[in-house]
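Inspection log for the structure reproduced underneath, given as structure tokens.
Numbering (our numbering), first residue to last: 82 to 403.
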């Protein structure tokens with residue numbers, strides 16, 4: 082999808098970045114822009130040494146971002162390296178990362194190109210048995226991700242933003258940040274901000290059960306899951322990774338209801354407090370989906386309308402189930 086957050090590179094710029102990061106002897110045989118993402122720019126490059134790589138470039142400076150979106154490329158690289166080193170979940174290898182801003186005015190990194198296709202693009206073509214197998218494996222992998230523990234709660238980039246020793250304080254700051262972003266961008270909201278804050282406060286005590294910071298991918302929707310020959314080949318897009326509550330993961334959101342995933346994950350999360358946390362995180366994601374349309378200046382009016390309708394429905398569930 083077209084977004085104002087995406088950098089556009091010329092062929093000459095691609096050549097310069099590749100040579101600087103991977104070696105002056107490395108040339109580009111073919112290149113193409115990848116258009117599936119909604120935030121970073123990405124290019125697939127076929128290199129002269131036989132490798133196929135992906136180059137990701139952060140948004141240009143001065144572009145309107147949501148509060149939590151600052152420095153998230155640093156978080157993605159660090160999370161990829163951590164999970165790759167753990168060796169239990171398939172992720173692309175990072176070849177080079179540059180945040181010096183000397184070669185290009187935005188951070189960028191090169192990573193391994195993964196074989197396969199995004200699950201969202203092929204899911205409907207697969208048999209029910211194959212989908213169940215993939216989603217069971219996803220549950221297993223997601224559990225492995227969440228088994229990695231941190232020493233604090235908050236965003237992965239370790240710049241101090243929203244990093245706290247307790248989850249309630251951390252998440253309250255995160256959801257208030259997105260509300261402040263909405264006000265700054267003059268975004269549509271389903272109710273006055275002060276009313277929304279009062280409803281959020283009713284849910285916060287349920288967060289006190291979360292005492293161990295666990296690695297959360299947070300954006301593991303079907304588009305970030307690559308599959309090949311009926312199996313998961315890689316999990317990508319770790320830029321929103323954080324240390325927090327496992328129930329933030331995408332497959333616990335209201336968009337998904339996969340028994341196979343829960344089977345693989347090994348937990349159902351049916352207690353009253355767990356269900357309250359799930360509803361709170363549903364509302365948080367639905368806020369972001371709507372408000373990011375304003376910062377990214379999406380031109381697809383159908384998508385913008387859908388995010389508003391989705392947030393209205395989410396708000397009604399949120400206040401009726403508090």
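Beta carbons: idealized from backbone N, C-alpha and C, even for Gly.
Which class does residue 84 belong to by DSSP, given the choice of helix, strand or coil? Unreliable positioning characterises residue 84 in this predicted model, as indicated by a pLDDT of 48, which lies under 50. A coordinate reading is not provided.
Between the Cα of residue 189 and those of 154, 294, 345, spot the shortest distance and give me the residue it belongs to. Considering only alpha carbons, the answer is 154.
Mind checking residue 322: buried by the 16 CB within 10 Å criterion, or exposed? buried
Opposite residue 324 in the DSSP bridges: which residues? Residue 324 is bridged to 235, 296.
Determine the closest residue to residue 262 out of 124, 380, 370, 121, with distance taken between C-alpha atoms. Measuring from the Cα of residue 262, the nearest candidate turns out to be 370.
Nearest-angstrom Cβ-Cβ length linking residue 147 and residue 259, presumed shorter than 8 Å: The C-beta distance from residue 147 to residue 259 rounds to 7 Å, short enough to meet the 8 Å contact threshold.
Alpha helix (DSSP H) containing residue 258: first to last residue? Where residue 258 is concerned, the enclosing alpha helix (DSSP H) stretches over 248-265.
Round the Cβ separation of residue 138 and residue 103 to the nearest angstrom and send it over; I've been treating them as touching at under 8 Å. Rounded, the Cβ-Cβ distance is 15 Å, inconsistent with contact.
When we look at the beta-carbon of residue 251 and count the other beta-carbons within 10 Å, is it buried (16 or more) or exposed? buried
Looking at residue 248 and residue 325, is the spacing between their C-beta atoms short of 8 Å? yes
Using a threshold of 8 Å, state whether the C-beta atoms of residue 318 and residue 305 are closer than that. yes
Which residues mark the beginning and the end of the alpha helix (DSSP H) in which residue 363 is found? Residue range 353-377 is occupied by the alpha helix (DSSP H) that includes residue 363.
Alpha carbons only, please: which of 314, 112, 203 is nearest the one belonging to residue 170? 314
One or two residues paired with residue 179 in a DSSP bridge: 189
Using 8 Å as the threshold, is the C-beta distance between residue 400 and residue 280 below it? yes
Closest by CA to residue 235, which one among 327, 268, 286? 327
Report yes if the C-beta distance between residue 98 and residue 176 is below 8 Å; otherwise report no. no
To the nearest angstrom, report how far apart residue 296 and residue 287 are at their CA atoms. 19 Å
Across which residues does DSSP place residue 114 in a beta bridge pair? 124
Local conformation of residue 169 per DSSP, three classes: coil
Which residues in the same chain as residue 358 place their Cβ atom closer than 7 Å to its Cβ, once the five residues preceding and following it in sequence are excluded? Excluding positions up to five away in sequence, the list reads 287, 288, 326, 328.
Give the DSSP-derived three-state secondary structure of residue 245 in the structure shown. strand
Taking 8 Å as the cut-off, decide whether the C-beta atoms of residue 200 and residue 215 are in contact. Cβ distance < 8 Å, so residue 200 and residue 215 count as in contact.
Does the distance from the CB of residue 219 to the CB of residue 342 come in under 8 Å? yes
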